[in-house]
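Student: Below is a structure I'd like to ask you about.
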Amino acid sequence: MGATNITWHHGTFTREERQTELGQKGLTIWFTGLSASGKSTLASALEQHLVSLKIAAYRLDGDNIRFGLNKDLGFGPEARTENIRRIAEVSKLFADSTQIAITAFISPYISDRESARKLHEESNIPFIEVFTDAPLSVVEERDPKGLYKKAKAGEIKEFTGISAPYEAPVNPEIHIHTDKVSIEEGVQVIVDYLREKKFIAQA
Ligand SMILES: Nc1ncnc2c1ncn2[C@@H]1O[C@H](COP(=O)(O)OP(=O)(O)O)[C@@H](O)[C@H]1O
Ligand SMILES: [Mg+2]
């Protein structure tokens, strides 16, 4: 049951005024892809790169958020949807505050990612979906946390790609084949996109 008798309290200046004062535009970069496809790796390399350019960027990573904010959620379909709903709200807050929010969650369902996009776009906040794409055979081979091995042995239930679905993006803003480009090249593709769209200043 949602709260009643609540009213949105507006601040005394607009997002645009905040952006002008702080010299930065807020937006969300939303990574999606199978486990071990490179979301966390690219998200943290991108975060470091942007911060080195003096751009306030902050990463929200799946596992980290499940340690705290979302520690009450499991991996069934409803919990995954609620996980993503909360992250979308939090990333929107970061972006509204003029930061670059970088999220790294499997976010396997198209409908959940579309809801996250809608939440941003309704408020005129750019939402950039980045698909870290690599064949299942490659991510199973990488298996940095040994999760595919456990999932295939039946030790982890509802594991995306093995025993739970992954719905690939149809038209993401950025599509990175992490089995074909290096981490540095992947970061560069995203930074080039941000520059081209004038979300960050030219070098
Ligand atoms: N081009 C690449 N981009 C991203 N990760 C890569 C790439 N090539 C190899 N890797 C490796 O793949 C693994 C991806 O793991 P991780 O970033 O934790 O994935 P996810 O967060 O999607 O589960 C890391 O061990 C990383 O070093
Ligand atoms: Mg990760």
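Position one of the sequence shown corresponds to residue 1 (UniProt numbering), numbered consecutively onward. Glycine residues also receive a C-beta, built at the ideal position from the N, C-alpha and C atoms.
Mapping DSSP to helix, strand and coil, what is Glu129?
Tutor: It is a strand residue.
Student: Where Phe67 and Val90 are concerned, what is the direct C-alpha to C-alpha distance, given to the nearest angstrom?
Tutor: Spanning the two alpha carbons is a distance of roughly 15 Å.
Student: Whose C-alpha, out of Lys118, Gly62, Ser107 and Ala116, is nearest the C-alpha of Pro165?
Tutor: The shortest Cα separation from Pro165 among Lys118, Gly62, Ser107 and Ala116 belongs to Ser107.
Student: Are three or more beta carbon pairs between the segment 56-66 and the segment 188-203 nearer than 8 Å?
Tutor: The answer is no - the segment 188-203 does not touch the segment 56-66, with fewer than three Cβ pairs under 8 Å.
Student: Ignoring anything shorter than 3 residues, give me the beta strand (DSSP E) runs that lie fully in the segment 14-64, in order along the chain.
Tutor: Runs of the beta strand (DSSP E) inside the segment 14-64: 27-32 and 57-61.
Student: Measuring alpha carbon to alpha carbon, tell me which of Ala36, Asn5, Thr32 and Gly26 ends up nearest Pro144.
Tutor: Of the candidates Ala36, Asn5, Thr32 and Gly26, the one whose C-alpha sits nearest the C-alpha of Pro144 is Ala36.
Student: Unbroken alpha helix (DSSP H) runs of length 4 or more, entirely within the segment 90-153: which are they?
Tutor: Counting whole runs of 4 or more residues, the segment 90-153 contains the alpha helix (DSSP H) stretches 110-121, 136-142 and 147-152.
Student: Taking only heavy atoms of ligand 1 into account, decide whether any of them is closer than 7 Å to the Cβ of Thr42.
Tutor: Note on identity: in this sequence residue 42 is Leu, with Thr being the wrong assignment. True, at least one ligand heavy atom lies under 7 Å from that Cβ.
Student: Assuming Lys39 contacts Thr132 (C-beta within less than 8 Å), just tell me the rounded distance between them.
Tutor: With 8 Å as the limit, Lys39 and Thr132 qualify as a contact, their Cβ atoms being about 5 Å apart.
Student: Figure out for me which residue from Leu46, Leu73 and Gln24 has the closest Cα to the Cα of Trp30.
Tutor: The option with the nearest alpha carbon to Trp30 is Leu46.
Student: Within a Cβ cutoff of 7 Å, which residues of the same chain sit near Glu82, ignoring the five residues on either side of it in sequence?
Tutor: If we look at Glu82 and ignore the five residues flanking it on each side, its Cβ neighbours are Leu73.
Student: Report buried or exposed for Gly33, applying the criterion of at least 16 other Cβ atoms within 10 angstroms of its Cβ.
Tutor: With 16 or more Cβ atoms within 10 Å of its Cβ, Gly33 is classed as buried.
Student: Using only the alpha-carbon positions, how far apart do Ala153 and Ser163 sit?
Tutor: Roughly 11 Å between the two C-alpha positions.
Student: With DSSP run on the structure shown, which of helix, strand or coil describes Thr160?
Tutor: Strand, per DSSP.
Student: Quickly, what does DSSP pair Ile176 with across the bridge? List them, please.
Tutor: Answer is Thr132.
Student: Examine ligand 2 and report whether any of its heavy atoms sits within less than 7 Å of the Cβ of Asp61.
Tutor: Answer for Asp61: yes, Cβ within range of ligand 2.
Student: Under three-state DSSP, which class holds Glu167?
Tutor: DSSP places Glu167 in coil when its eight states are reduced to three.
Student: Do Arg85 and Ser111 have their beta-carbon atoms positioned less than 8 Å apart in this structure?
Tutor: Not closer than 8 Å, so no.
Student: Taking the alpha helix (DSSP H) that Ile190 falls in, what are its first and last residues?
Tutor: Taken as a continuous stretch (DSSP letters only), the alpha helix (DSSP H) holding Ile190 covers Ile183 to Glu196.
Student: So does the segment 166-173 actually touch the segment 13-26, counting three or more Cβ pairs closer than 8 Å?
Tutor: Short answer: they don't touch.
Student: For Phe127, tell me which candidate among Val139, Thr103, Thr4 and Pro135 has the shortest Cα-Cα distance.
Tutor: Per the Cα distances, Thr103.
Student: By the three-class DSSP mapping on this structure, what secondary structure does Ala88 have?
Tutor: Helix at Ala88.
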